[in-house]
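Protein chains in written order, with this note's numbering: chain X, 17 to 435; chain F, 3 to 884. All C-beta atoms, glycine included, are put in the ideal place defined by N, C-alpha and C. Just below is one structure, and these are the notes that go with it.
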């Protein structure tokens, strides 16, 4: 029987396993190796746990006996090296496992700002259960400094603030979530955060962190402002974990380079998730990762499969901060921008249209139509016939118009098949 | 308690019986009266919406003197004083009444009596002058009296119906439905429509003759010649009962030429003319219906005689299924004719040219100052106001500032007149806005009296509810003024029946069979009998106690020789012809769902949903030459006036001819008063203006932006270069065009405390803004390069909620609720069915006939006036499929 080994047991690995079980078209012994003490959990739920609205136990994706039932063996260990010639992986424990196929799902690690004091004990990123367990020890009323006002940073900030921690977010760019939002929506977001008691410093960076005598931390910002805090949470970004791949000579750039079948430069080795780089893009969100898992499972099951890349949409999963973003946030010359806003109700929608297709959407307030826009962007559907009502959402683009949208979809599929 | 009352519709001359359901002083519903012979239960969309037009919001509720509220005593005294003083200084001919086919016979009678018998002038004329005075003159020339020979019953038995200058499908829908029903009963029953435009009526006909405007007389002269040459005359009848054939034929022959020449002159295909002539010759049971297209002409009387000539020559007058039949436009145009409410009539079918008649009427009225000669006809009347010869004018229930030719000159005349009294039920009409003394009159549902329809049928219009505010009946107002002027005894009426009785007595007074109009049976009518009056066609005398269906069946007419008179008609073209500047022939007329100047129909939102703005209809080739697309704006110029409207490109127009609806006043549009573009040119006999023909200059107009603006109430002085207003349920809609305009700044200036919702599409230039104050919607403005087609009702409805819920607020700038599908532009006003629904039924549900659509959606099943539209949609979609 073939030996398949999955390195990493995060959300990508877990979804791949589930998709493989659903397909049931394979004949292999699967081993999954994870370094975290708790494996295959739903990492996205950590911010809820941090906020105290959800129990850690509820993050489990499957029942404890699921792996046994499906004949998957789980190994809690670190992979030190991959020997591609011998087709085996070396574990920290010294064990060596042979593989016929190797799947890298090593994920990413938090990027840390290069400042003095970043290695102090009170500095703790927000990625794993272990991180959250430590952040949960920050008491209500204490101060925390979140470095980075992106998606992860804001989830950490609102999680901490939800437990009564006095949070300040320090963000390098001019507005929060600058990759996902335009300045207008970010302005309302900042205002909403302030109303939740979160202080925000934009256009600002930490220059140094030092320990104080009382065990707390002292952070100095670029502007000279000094802030005291019990904890500092760096959340300025992630780095794909590619060390293993690089060391064994796989082709890597920012991430591990894969083709449409999620194959690395070694046909026996696949990669997916945050560690992978497909057509020059590494994804840091869950939806593309699931799509990759789906395609890879099909491929491994011997079905025709091709991952085409994902349109990315973002939704801040925090109550009271209804924000959605997909595609581009600012139009270029020649693009058409449609805006709808209701000031006193704090509702905002911005759509960017290029050559008759939707290429970007930013929503603030009612974000129920997010998936509708996401879908249009992903399919590159011609929206000309519904342009006037597009910003008002799916309910206004029904009946007659959707027929034409569907036609476009078919056309696109045909084009894909032809390509 | 609910009660059902029988009354009569106040719109067109069909005179439909209406059953009104009334409760707690409110009219809850209306339906057609099954027992009324005029309509047998049917109602058109305007009639069906009557109860929706009765709100008191737009009503004038109390008298006003110089803009100040006054009580009735003061107002009556002021009018009486003003009239007396003017008469004292300048004589009786310095005052005038301009009245209306909207007045009931009783109102009309009192007004006529006051002017002609007591003020002592003939200066009372009526808006019927603009409507059917040519038809009256035509009848009188041919028959010796203003007697309509036929009856609606003739529709049921006619084998050929010829409609000339009549878009009955839109203007007399119930009559048209009866014609359609009659056609379906017999295989060989045909309809010919003679009209320059391919109207909805023409589209339904077996043969449409889209003749060159103004060539009707030529066509009928040609028919007379053709009949003579092809053995089509009823020589026995001609010899026994008519006179003048020889002269009429000779004149016709000189003018007509060969069939080919005639067809060419009329702009028609020879074969079509031939077919029409053949059908006419072969069909004894032929009714010719004619209305404004014939009457509103400088040769309208001649044209009507050209039509009557062929009926006399074939013996088709007053026979079952055979008559020349003028259809009137107003509910009581006929009543006005009967009391003599036109300046060239005296009273009760008696005329000025008979000194005995003047004496008779004077004796009957016990007149203090009997006038001795005709007064000024409408155009002359306002011209005399303009020149200062008439210094006090009292306008009742009509809107001459909109409806008269050169309407702007009428405005000018009134603006400089010493005393303008206006009695009307509406607080604001273009005319009311110029009045010194404003008198609130009762309107339909409050008024009580009688009306006469196109077939001489006298019906009761009954009071259903109490008058609004301090409104009073016109007869009451006139009588009180007359009494205040010192004519107590002659005007001591207590109720309409007192007046009706006196009117009936006058018709019978020294009549002895000399006047067809004879209501002797009602000369001593009691109040109870009057209340229960059954609709009857006059005369109602000892010989015809239950009325008379037809006249002249025996071939005996009212001319001195008792013969029907054929009149030699020398065709005359309209008085204006296109030239290199004024390149287009300009025609005016009614739309399906509007009536006159919209003072009533403008109030029912569903009546403005069919056509929401006055579009200028234009042939595609003309539009192409001017570089115009459908819905582009144009500026029209003529008679020193301008109008700004959008065009509607349609092959229903002849090349070189354009058409504009007459309804939009200054209350409802910036510049779209159709009649203001028509110069004052009148028929020399009837005095009827040529409202159906002018020539105009047309140039494209490109506004920087256009849009919609919804507000809870109408604006004082809208800020845009061009606009149209619609009153909707909940608020007012403006469709506008003009220079670039910051909607938000404008709204902020109007309500600084507002907060805003904004939509903008920089790519298309579209912008939409909604303003709220404390959660309540205050205004919505849309603007852009082009106007989207929308159903604007939903936004207007939102003004009524104190707080708009979040979901509605979110949908607001989309213009409709996300839960409600977009039904598209309204086609069936009765059942509110839109174009998208109909198209869906055709394409998805497989409906392939008007009947199938009716079963599926109910569209076209009530008044039926959208059936031509349905047929067009069926055809268009069938073409699309092929």
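How far does the beta strand (DSSP E) with residue i in it reach, from first residue to last?
i, result
"residue 331/X", "329-331"
"residue 2/F", "The question about residue 2/F has no answer here: the residues shown for chain F are numbered 3 through 884."
"residue 701/F", "696-703"
"residue 106/X", "104-107"
"residue 707/F", "707-713"
"residue 90/X", "88-92"
Are the Cβ atoms of residue i and residue j separated by less than 9 Å?
i, j, result
"residue 785/F", "residue 702/F", "no"
"residue 473/F", "residue 62/F", "yes"
"residue 827/F", "residue 837/F", "yes"
"residue 136/X", "residue 246/X", "no"
"residue 886/F", "residue 242/F", "This structure leaves residue 886/F out entirely; chain F is present only between 3 and 884."
"residue 767/F", "residue 793/F", "no"
"residue 7/F", "residue 40/F", "no"
"residue 122/X", "residue 261/X", "yes"
"residue 323/F", "residue 288/F", "yes"
"residue 212/X", "residue 114/X", "no"
In the structure shown, what three-state DSSP assignment does residue i receive?
i, result
"residue 115/X", "coil"
"residue 874/F", "helix"
"residue 387/F", "helix"
"residue 622/F", "helix"
"residue 179/X", "coil"
"residue 291/X", "helix"
"residue 25/F", "strand"
"residue 192/F", "strand"
"residue 326/F", "strand"
"residue 879/F", "helix"
"residue 373/X", "strand"
"residue 51/X", "coil"
"residue 396/F", "strand"
I'd like the span of the alpha helix (DSSP H) that includes residue i, first residue to last.
i, result
"residue 96/X", "Segment 95-99 is the beta strand (DSSP E) holding residue 96/X; no alpha helix (DSSP H) there."
"residue 589/F", "Premise fails: residue 589/F lies in the beta strand (DSSP E), 586-591, not in any alpha helix (DSSP H)."
"residue 402/F", "402-405"
Residue i versus chain F: which residues are under 8 Å apart at the beta carbon?
i, result
"residue 474/X", "This structure cannot speak to residue 474/X, because chain X is shown only from 17 to 435."
"residue 92/X", "None at all; the shortest Cβ gap to chain F is about 50 Å."
Check the Cβ of residue i against every Cβ in chain F and list those closer than 9 Å, keeping chain order.
i, result
"residue 355/X", "760, 761, 762, 763, 764"
Against residue i, what residues of chain F qualify as contacts under a CB-to-CB distance less than 7 Å, listed in chain order?
i, result
"residue 412/X", "816, 820"
"residue 369/X", "765"
Name, please, each residue of chain X whose Cβ falls closer than 7 Å to the Cβ of residue i.
i, result
"residue 813/F", "408"
In chain X, what lies closer than 9 Å to residue i by C-beta?
i, result
"residue 794/F", "Neighbours of residue 794/F on chain X: none; closest Cβ ~15 Å, over 9 Å."
"residue 757/F", "358, 359, 360, 361"
Taking Cβ-Cβ distances shorter than 8 Å, what residues in chain X pair up with residue i?
i, result
"residue 754/F", "In chain order: nothing, as chain X lies at least about 15 Å away."
"residue 790/F", "404"
Would you check if there are 3 or more beta carbon pairs closer than 8 Å linking the region 174-190 of chain F to the region 307-315 of chain F?
No, they do not touch.
Say whether the region 361-377 of chain F touches the region 141-158 of chain F, bearing in mind that this needs 3 or more beta-carbon pairs closer than 8 Å, one atom from each stretch.
Contact fails: fewer than three Cβ-Cβ distances are below 8 Å.
Any contact between the region 678-690 of chain F and the region 747-759 of chain F? By contact I mean 3 or more CB pairs, one from each, below 8 Å.
Output reads no: the region 747-759 of chain F does not touch the region 678-690 of chain F.
Report yes or no: do three or more beta-carbon pairs, one from the region 238-249 of chain F and one from the region 562-574 of chain F, lie closer than 8 Å?
For the pair of segments examined, the region 238-249 of chain F was found to touch the region 562-574 of chain F: the number of CB pairs separated by less than 8 Å reaches three.
Do the region 420-439 of chain F and the region 392-400 of chain F touch if we need at least three Cβ pairs shorter than 8 Å?
Touching, yes, given that three or more Cβ pairs across the two stretches are closer than 8 Å.
Within 8 Å, do at least three Cβ pairs link the region 452-470 of chain F to the region 319-336 of chain F?
Three or more Cβ pairs drawn from the region 319-336 of chain F and the region 452-470 of chain F lie within less than 8 Å of each other, which places the two stretches in contact.
Is there contact between the region 178-186 of chain X and the region 343-354 of chain X, where contact requires at least three CB pairs shorter than 8 Å?
Contact between the region 178-186 of chain X and the region 343-354 of chain X is not established, with fewer than three Cβ pairs separated by less than 8 Å.
Using 8 Å as the threshold, is the region 147-165 of chain F in touch with the region 405-412 of chain F, meaning 3 or more CB pairs across them?
With the cut-off at 8 Å, the region 147-165 of chain F and the region 405-412 of chain F do not touch.
What residues from the region 387-407 of chain X come within 8 Å of chain A, judged by C-beta to C-beta, listed N to C?
No chain A appears in this structure, whose protein chains are X and F.
Any 3 or more C-beta pairs closer than 8 Å across the region 582-599 of chain F and the region 266-274 of chain F
Contact check between the region 582-599 of chain F and the region 266-274 of chain F: fewer than three CB pairs, one atom from each, fall below 8 Å, which does not count as touching.
Are three or more beta carbon pairs between the region 188-201 of chain F and the region 855-867 of chain F nearer than 8 Å?
Using a C-beta cut-off of 8 Å, the region 188-201 of chain F makes no contact with the region 855-867 of chain F, since fewer than three inter-stretch Cβ pairs fall below that distance.
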